[in-house]
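**Student:** To start, I am sharing the structure in question, which I have written as structure tokens.
There are 2 protein chains.
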Amino acid sequence: MGASTRRKGRSGGGRRARIEARSSNQSTARPGIDRNIPYYDLLPDETLALIEHNADLLLEEIGVDFNGNPEALELLSAAGAKVDGERVRFPAGLCRELVQATAPAEFVQHARNPERSVTIGGDRTVFVPAYGPPFVRALDGERRYATLEDFQNFVKLAYLLPSLHHSGGTVCEPVDIPVEERHLDMLYAHIKYSDKPLMGSVTAPSRAADSVAMMEQVFGAEFLQSNTVLTSLINFNSPLVFDQVMMGAARVYAENNQATIISPFVLAGAMSPVTVMGTLTQILAEALAGMTYVQLVRPGAPVIFGMFASAVSMQSGAPTFGTPEPNLMLLAGGQLARRLGVPFRSGGGLCSSKIADAQAAYEAANTLQVSAMAGVNFMLHAAGWLEGGLCMGYDKFIMDADQLGMLSVLLSGVDTSDNAQALDAFREVGPGAHFLGSAHTLANFESAFYRSDLADNNSFEQWQAEGEKDCAERAIERCKSLLDSYEPPPLDPAIDEAMIDFMARRKAEIDANGA
Amino acid sequence: MGASTRRKGRSGGGRRARIEARSSNQSTARPGIDRNIPYYDLLPDETLALIEHNADLLLEEIGVDFNGNPEALELLSAAGAKVDGERVRFPAGLCRELVQATAPAEFVQHARNPERSVTIGGDRTVFVPAYGPPFVRALDGERRYATLEDFQNFVKLAYLLPSLHHSGGTVCEPVDIPVEERHLDMLYAHIKYSDKPLMGSVTAPSRAADSVAMMEQVFGAEFLQSNTVLTSLINFNSPLVFDQVMMGAARVYAENNQATIISPFVLAGAMSPVTVMGTLTQILAEALAGMTYVQLVRPGAPVIFGMFASAVSMQSGAPTFGTPEPNLMLLAGGQLARRLGVPFRSGGGLCSSKIADAQAAYEAANTLQVSAMAGVNFMLHAAGWLEGGLCMGYDKFIMDADQLGMLSVLLSGVDTSDNAQALDAFREVGPGAHFLGSAHTLANFESAFYRSDLADNNSFEQWQAEGEKDCAERAIERCKSLLDSYEPPPLDPAIDEAMIDFMARRKAEIDANGA
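Quick look at the structure:
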């Protein structure tokens, strides 16, 4: 298999042409990581076609509930779906056709610092912090509710760590701020304390509208209408329900040309069948239905095929992470997204451990490695996640970020240049000698191997002399030192003022009206 | 790509025919894990061909030192190599030709319990404990020199844990036994306390001979001459030196039809060039030279392409584990072995951490996941390894074994049966409901998802109520309970007596003569 087809996956030339035709916002494309290793193709084409066939059968025979949104039902009906109450059934192939007709294969999400803009889709990988935890495992080891200060800290850390390409969204829930208003503080923190791209609020359509309006203060309304500056997380309510709030938020973003991730959130065995094939079928059906809706709202609006799958423990009903079945799903999910020709979101440093111990690390690493092989484009939850997503760990964040640095080297593949072949080194050194002082090593050592600033590779004796610190302790030390070193990126004072004014106005309105 | 070619890798039909022609000892083939997912093919064929070309160039132009073994030099010279002092140069292609002519593509290693026999090579994966640590991290947390009791404990644990298919070799160094005699106690412990296959001693040719003789007590001399009952680890002395002791041990095993793993042990940057391509080139050259020697000693003797590669830290010179460059080497190494058509040994739960913390787990998981993707057949160091191999951890052993259980599910691939497609489950449940009580879930839940007996998936509150135990603490508890439950497998008293007699006789000889 040649290098160029290898990097593009297995599909035929038709998909390639389609991707090029559907690429949008390409003027300032910037990669997170430019993938230079093959995708891992777990399933043969015939099995993928079977999943696609079964997903079509679900969409046609069983259908999807689009709840509380008569406008959506009209839109879907006009596009050829059969609407019966709130149940929507799609003729086989309709969703795929509508998505492939207009959804971009990749898109640029602009950051306020153009050097931080990322291209999402294609051969690129973007690492994004964990999303949603109401708790933190704090710097002093205490587990407590998250605050706005924690939120700001994680934004600062993601800004400082080069292996994170994105500032994320709800990096933790600032529960010290009223729920009706906290989306404004979160957006402001992302923009103020970082210059990396970010995610908008989805917890109410009005908060999505606020997110767009806030970004207008930064980028201007005109720029925003023709460029994507927000990528936001729209969960599908599995099985087979698209609820009013999520649909409403998705609509706001799509109407404004902003990106959405249509993400079935599946605890397999509870919210989907207890098999890999069944769960994949359902996820594909749900993602297709959601992406179809987005493309009907605004054809060409950027949309990402999202997938979050955990297996529930059949003993306790608890979600599990880093286990083999969801990893098989993840690998196949990447293939399904590539066949569809849209960007893929999945994976991350998932775990169910309550602390940053060996369980957390095994589970996170298992999913991270597989995510990289699977070709995840937008890796949400890449750093910080503990307790099945209920808790954000300062130590875990630093540890995961180190792992992401390693993945970026893995994804960059193998240098095959003459220098890398090192024939002169062999001629210089020969049998029984060593390469440490060779000319080739001296010329290459600085960029040779990934350098972890967290792993302790020293002797037992040296580690002992330095206090027998475990990885979590070293991570906390590194975290404190990073936060101490933090300096904010420059921000135009006029933009800062405009955002502060906007927030104050909106908070006053929310206090008065409740929304 | 169809399922059958997928499972066989990418090479053409010629290799397949060759493999079938060279399969030996097939009468009682039993798998460890039967691989049912594709190999991850990192490098395109032209890059693999380039590495093979460069390895040939090394073998032809620079050559390999075969130290202190005039007999070997004669054998190699007679086969067409150019011998200059102890430096041996091979005409391009000669090693590959000699290895492919007679080395089996896969072989059965017999265990004393035929149900434990394993097939090594092809689509099979065998998990083997860590090898060589002089220290243990004990059940009470202390780090100290290993003893024979520790050795016996790890043999018992590997016997009890179904995810380990092999009893291994020097699972730790019993330093309380004189170095000249301990190989006998180790062999006896493997046979007495387990019925899984095992590895022989390589630290002197006489100890290899003792290993063979001891196995004759178990299997009979005749059976042993036509069947493989030992797989032993022959390290190549990188760069490009095959030393007298290792060659002598390899000769003993090959002459007796026993398997050897020819394993370059490379700390890249010190013992090989500081690049992925350069290190792969050297490893291939060394493995080819060593396997050629084995095939010349006894054509058809089972031999495994071994590969152990770590990147040294360019700051401290210390070996590092779980990092991306050795993982890229590992993936390519699997491809090189498949092109050669011999079994592949690499990978494992490698780490440099001193304790079973998050560092240990990230590093181990990174290598374990990649090993599975790479198609490692004989995964030495799969469980227990700490401190870059200097220490065997009781907790780490239990943790790694749990990960191996997960890998065996991953390697088994995706069930695509009608039952797994679960269309009836969707028809039963429908949008907005849940699958927990559905007929399909009830019929499938018992075998549905991998069940870890180590991961804590419970709520924070429950975990807290149960004492906030970290993964290492739970692993120690599980380890103690396993050892408490241990009962030895049945052993014919006549065999036991014969082994004890043999040991006593040899120990008396060693005491008298020093060997």
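Line by line, the protein sequences give chains S and U. Numbering follows my numbering, in which position 354 of the first sequence is assigned residue number 354; successive positions increment by one, without gaps. In my numbering, each residue's number is its place in the second sequence (first place is 1) plus 515. Glycine included, C-beta positions come from ideal geometry on N, C-alpha and C. Here the structure is a predicted model, which means the values were calculated and not measured.
Leaving out the 5 sequence neighbours to the left and right, which residues in its chain are closer than 6 Å to residue 280(S) when beta-carbon positions are compared?
**Tutor:** Taken in chain order, the residues that qualify are 51, 329, 332.
**Student:** For the segment 840 to 873 of chain U, enumerate the residues whose C-beta is nearer than 8 Å to any C-beta of chain S, in chain order.
**Tutor:** Of all residues in the segment 840 to 873 of chain U, 840, 842, 843, 847, 867, 868, 869, 870, 871, 872, 873 have a Cβ within less than 8 Å of some Cβ in chain S.
**Student:** Quick one: grab the DSSP three-state call for residue 135(S).
**Tutor:** Here residue 135(S) sits in strand by DSSP.
**Student:** With 16 as the cutoff for other CB atoms within 10 Å, does residue 389(S) come out buried or exposed?
**Tutor:** Classification for residue 389(S): buried.
**Student:** Output, in sequence order along the chain, the residues in the segment 775 to 794 of chain U whose CB is closer than 7 Å to any CB in chain S.
**Tutor:** Those residues of the segment 775 to 794 of chain U that come within reach of chain S (Cβ to Cβ, closer than 7 Å) are 784, 785, 786, 787, 788, 789, 790, 791, 792, 793.
**Student:** Along the alpha helix (DSSP H) that carries residue 282(S), what are the first and last residues, could you check?
**Tutor:** From DSSP, the alpha helix (DSSP H) with residue 282(S) extends over 276 to 297.
**Student:** Compute the distance between the beta-carbons of residue 472(S) and residue 402(S), then report whether it is under 9 Å.
**Tutor:** Taking 9 Å as the Cβ cut-off, residue 472(S) and residue 402(S) do not qualify as a contacting pair.
**Student:** When you compare the CB positions of residue 105(S) and residue 375(S), do they come within less than 9 Å of one another, or not?
**Tutor:** Contact: no.
**Student:** For residue 195(S) versus residue 268(S), is the C-beta spacing smaller than 9 Å?
**Tutor:** Result no, Cβ atoms of residue 195(S) and residue 268(S) do not sit closer than 9 Å.
**Student:** Is the separation between the beta-carbon of residue 190(S) and that of residue 168(S) shorter than 9 Å?
**Tutor:** It is a contact, given that the beta carbons lie within the stated cut-off.
**Student:** What residues are listed by DSSP as bridge partners for residue 65(S)?
**Tutor:** Answer by DSSP bridge pairing, in chain order: 87(S), 241(S).
**Student:** Taking contact to mean at least 3 C-beta pairs separated by less than 8 Å, is the segment 122 to 134 of chain S in contact with the segment 363 to 381 of chain S?
**Tutor:** Segments in contact, yes.
**Student:** Going by DSSP, name the residue or residues bridged to residue 900(U).
**Tutor:** Partner(s): 907(U).
**Student:** In chain order, what residues of the segment 545 to 573 of chain U put their CB closer than 9 Å to some CB of chain S?
**Tutor:** Of all residues in the segment 545 to 573 of chain U, 552, 553, 555, 556, 557, 558, 559, 560, 561, 562, 565, 566, 569, 572, 573 have a Cβ within less than 9 Å of some Cβ in chain S.
**Student:** Three-state secondary structure (DSSP) at residue 659(U)?
**Tutor:** DSSP places residue 659(U) in strand when its eight states are reduced to three.
**Student:** So does the segment 308 to 325 of chain S actually touch the segment 61 to 80 of chain S, counting three or more Cβ pairs closer than 8 Å?
**Tutor:** Touching, no.
**Student:** Rounded to whole angstroms, how far is the Cβ of residue 869(U) from the Cβ of residue 460(S), which I believe are closer than 8 Å?
**Tutor:** Yes, they are in contact, since the Cβ atoms of residue 869(U) and residue 460(S) sit about 5 Å apart, within 8 Å.
**Student:** Could you spell out where the alpha helix (DSSP H) holding residue 589(U) opens and where it closes?
**Tutor:** Its alpha helix (DSSP H) spans residues 585 to 593.
**Student:** Which of the three DSSP states is assigned to residue 507(S) in this structure?
**Tutor:** Note: residue 507(S) maps to helix in three-state DSSP.
**Student:** Taking 9 Å as the cut-off, decide whether the C-beta atoms of residue 66(S) and residue 293(S) are in contact.
**Tutor:** Their beta carbons are under 9 Å apart, which means residue 66(S) touches residue 293(S) by this criterion.
**Student:** Please report the straight-line C-alpha distance between residue 695(U) and residue 737(U), rounded to a whole angstrom.
**Tutor:** If you take the alpha carbons of residue 695(U) and residue 737(U), they lie about 28 Å apart.
**Student:** With a cut-off of 9 Å, does the C-beta of residue 806(U) fall near any C-beta of chain S?
**Tutor:** No, because no Cβ of chain S sits closer than 9 Å to the Cβ of residue 806(U).
**Student:** Inspect the CB distances between the segment 148 to 161 of chain S and the segment 410 to 425 of chain S and report whether three or more fall short of 8 Å.
**Tutor:** Taking 8 Å as the limit for Cβ pairs, the verdict is that the segment 410 to 425 of chain S does not touch the segment 148 to 161 of chain S.
**Student:** From this set, 774(U), 686(U), 962(U), which residue's C-alpha is nearest residue 806(U)'s C-alpha?
**Tutor:** The candidate whose alpha carbon is nearest that of residue 806(U) is 774(U).
**Student:** Enumerated in chain order, which unbroken segments of the beta strand (DSSP E) with a length of 3 residues or greater are wholly contained in the segment 210 to 268 of chain S?
**Tutor:** Taking only runs of at least 3 residues, the beta strand (DSSP E) segments lying wholly in the segment 210 to 268 of chain S are 231 to 236, 259 to 268.
**Student:** Using 8 Å as the cut-off, can you tell me whether the segment 215 to 233 of chain S makes contact with the segment 142 to 151 of chain S, which would need three or more C-beta pairs spanning the two stretches below that distance?
**Tutor:** The segment 215 to 233 of chain S vs the segment 142 to 151 of chain S: no contact.
**Student:** Does DSSP put residue 409(S) in a helix, a strand or coil?
**Tutor:** Helix at residue 409(S).
**Student:** Could you run through the segment 457 to 480 of chain S and flag, in chain order, every residue whose CB is less than 7 Å away from some CB of chain U?
**Tutor:** Residues 457, 458, 460, 463, 470, 471, 472.
**Student:** Quick one: is residue 538(U) near chain S, going by C-beta distance under 9 Å?
**Tutor:** Annotation note: pLDDT 44 at residue 538(U) (below 50); position unreliable, no value reported.
**Student:** Taking 9 Å as the threshold (beta carbon to beta carbon), is residue 65(S) in contact with chain U?
**Tutor:** Judged by the 9 Å Cβ criterion, residue 65(S) is in contact with chain U.
**Student:** Can you check DSSP and say which residues form a bridge with residue 787(U)?
**Tutor:** DSSP, once it has assigned bridges, lists 783(U) as partnering residue 787(U).
**Student:** Can you tell me whether residue 1015(U) is buried or exposed? The criterion is at least 16 other CB atoms within 10 Å of its CB, across all chains shown.
**Tutor:** Under this definition residue 1015(U) is an exposed residue.
**Student:** Roughly how many whole angstroms lie between the Cα atoms of residue 234(S) and residue 478(S)?
**Tutor:** Going by the C-alpha atoms only, they are around 34 Å apart.
**Student:** Look up residue 894(U) in the DSSP assignment and give the residues it is bridged to.
**Tutor:** Per DSSP, 642(U).
**Student:** Please name the residue in 336(S), 132(S), 368(S), 100(S) whose C-alpha comes closest to that of residue 170(S).
**Tutor:** Residue 132(S) is the option with its Cα nearest to residue 170(S).
**Student:** Applying the 10 Å Cβ sphere with the 16-neighbour rule, what's the burial state of residue 197(S)?
**Tutor:** Per the 10 Å Cβ criterion, buried.
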